[in-house]
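For what it's worth, the working numbering labels the leading residue of the sequence shown as 74, then goes sequentially.
Even for Gly, the Cβ is constructed at its ideal location relative to N, Cα and C.
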Amino acid sequence: MQEQQTLRKSVTLSGMGLHSGTAVHMRLLPASVNTGIIFRRMDLPGQPEIPAAVESIASTNRNTSLSRGTAQVMTVEHLMAALRGLGVDNAIIELDGGEPPMGDGSAQIFVEMIQEAGLSAQGTRRHFCQLNTPVWVSQGDSHLVAVPADEFTVSYTFVSDHPQVGTQYGEFAITEDVFLQELAPARTLIFAKDIEALRRQGLGLGGNLDSVVIIGDNGYHNSLRYQDEVVRHKILDIVGDLGLLGFLQAHVIGVRSGHSLNRQLMLEIWEQAYSAMGVGNR
Ligand SMILES: [Zn+2]
């Protein structure tokens with residue numbers, strides 16, 4: 074039996090949000106069995122809680138934002154990836170702002186926090202999210218499919234005609250070792266031509282060359298951690314977004330997909346899980 078796990082102690086981190094560009098303090102705390110992952114806005118009246126769950130998703134525009142009532146937290150995907158990648162079932166995340174610190178734009182800083190806290194097994198069986206049949210969603214020429222499987226595997230095709238980036242394909246079985254070695258260090262990416270439009274939407278305000286891989290017309294502005302860092306980050310985002318379902322047992326195959334299709338796929342999987350339990354529509 075795989076047991077649920079939580080953190081052994083609380084750990085803190087300060088920094089700036091990737092999209093908001095505002096300073097924030099964050100604390101990860103242990104939580105009891107079957108709590109799940111819960112964000113808590115310490116700066117708002119009543120310290121409202123926002124569960125890390127599919128039904129909390131408020132926006133999927135360049136990041137995944139969650140909300141409950143008027144309380145919101147944006148860019149949860151890299152932190153969620155680290156929590157699920159390292160096998161954390163239960164934790165409280167206290168924030169005095171609306172976005173976790175960005176670190177270096179990857180999941181690395183959150184991995185280091187969780188490693189500093191250590192993990193403790195909680196003596197209760199972990200819940201897995203399983204599929205009965207394949208589930209798929211499409212939007213134009215973007216596609217995302219989940220096929221029933223015993224383990225969690227992600228395959229992804231990043232399509233571009235940029236001469237230095239090209240089309241990249243990656244496939245990883247999401248074990249803890251693979252997550253640590255192959256995915257957690259892969260950073261957020263953006264094409265330089267998209268930066269102005271992003272900033273006009275009030276996003277990417279904290280981003281810079283220390284936190285984002287910038288791809289200009291003539292190539293990368295930073296040195297890469299992996300030749301295929303772009304596709305690895307796309308897979309990291311899938312691990313984080315789909316982490317809102319808990320621990321998924323499926324082979325997920327994405328082509329050109331992003332946060333919006335991740336959300337649609339999770340809603341389909343959720344629907345299937347509910348109808349299988351015979352409880353009708355949500
Ligand atoms: Zn990302």
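Going by C-alpha to C-alpha distance, which of the options sits closest to residue i?
i	options	result
Asn-134	Val-220, Ser-93, Ala-125 and Gly-331	Gly-331
Val-308	His-294, Leu-282, Val-106 and Asn-335	Residue identity differs from the one stated: residue 308 is Ile in this sequence, not Val. If we check each option's Cα against that of Ile-308, Asn-335 comes out closest.
Ser-87	Met-99, Glu-341, Tyr-293 and Gln-77	Met-99
Met-301	Gly-243, Leu-276, Ile-326 and Ala-346	In the sequence as presented, Met is not what sits at residue 301; that position holds Asp. If we check each option's Cα against that of Asp-301, Gly-243 comes out closest.
Ile-111	Met-74, Pro-118, Val-127 and Val-97	Val-127
Ile-326	Thr-248, Thr-148, Leu-317 and Ile-311	Ile-311
Gln-254	Pro-121, Gln-181 and Arg-141	Gln-181
Ile-130	Ala-144, Pro-118 and Gly-119	Ala-144
Ser-215	Ile-123, Ser-233 and Leu-139	Ser-233
Ala-246	Thr-240, Tyr-229, Leu-117 and Glu-185	Tyr-229
Leu-318	Val-304, Glu-344 and Arg-329	Glu-344
Val-304	Arg-260, Asn-291 and Val-184	Arg-260
Val-146	Gly-275, Ser-132, Ala-219 and Ala-154	Ser-132
Asn-291	Gln-274, Gly-275, Ala-265 and Glu-269	Ala-265
Asn-136	Ala-154, Thr-148 and His-200	Thr-148
Asn-205	Val-106, Ala-219 and Gln-195	Ala-219
Val-106	Val-328, Val-227, Met-339 and His-200	His-200
Ile-187	Gly-196, Leu-152, Ser-296 and Val-328	Leu-152
Ser-179	Gly-160, Ala-155 and Gly-196	Ala-155
For ligand 1, any of its heavy atoms closer than 7 Å to the Cβ of residue i?
i	result
Asp-310	yes
Thr-133	no
Glu-150	yes
His-306	yes
Asn-261	A quick correction: the sequence has Thr, not Asn, at residue 261. Result yes, Cβ under 7 Å from ligand 1.
Kindly give me the distance between the Cβ atoms of residue i and residue j, rounded to whole angstroms, as I take these residues to be in contact under 8 Å.
i	j	result
Glu-172	Leu-91	7 Å
Ala-306	Ala-222	Strictly speaking, residue 306 in this sequence is His, with Ala absent from that position. Incorrect: roughly 23 Å between the Cβ atoms, too far for contact.
Glu-150	Gly-313	3 Å
Glu-249	Val-84	Not confirmed; about 18 Å, so no contact.
Asp-177	Asp-283	6 Å
Val-208	Ile-123	Not really, about 26 Å apart at Cβ, beyond 8 Å.
Ala-125	Gly-109	6 Å
Please list, in chain order, all residues of the same chain as residue i whose beta carbon is under 6 Å from its beta carbon, the five residues on each side excluded.
i	result
Phe-252	Gly-158
Ala-104	Thr-79, Asn-163, Ala-164 and Ile-165
Arg-355	Below a pLDDT of 50, predicted positions are generally treated as unreliable, and Arg-355, at 39, falls in that range; no measurement from the model is reported.
Leu-321	Cys-202, Phe-225 and Leu-315
Arg-298	Pro-258
Met-74	Arg-198
Gln-120	Arg-113
Leu-102	Ser-83 and Ile-165
Phe-231	Gln-241, Val-303, Val-304 and Lys-307
Going by beta carbon distance, what residues of the same chain come within less than 7 Å of residue i, once the five residues before and after it are set aside?
i	result
Tyr-293	Gln-237 and Val-286
Ser-193	Gln-78, Thr-79 and Arg-81
Asp-360	Residue 360 lies beyond the residue range present for the chain, which begins at 74 and ends at 355; the question has no answer from this structure.
Ser-140	Ile-123, Ser-129 and Ala-131
Gly-196	Glu-76
Leaving out the 5 sequence neighbours to the left and right, which residues in its chain are closer than 8 Å to residue i when beta-carbon positions are compared?
i	result
Ile-263	Leu-271, Gly-277, Gly-280, Val-285, Val-286, Ile-287 and Ile-288
Gln-337	Val-210, Gln-212 and Leu-217
Met-89	Thr-95, Ala-96, Val-97, Pro-174, Met-175 and Gly-279
Pro-118	none
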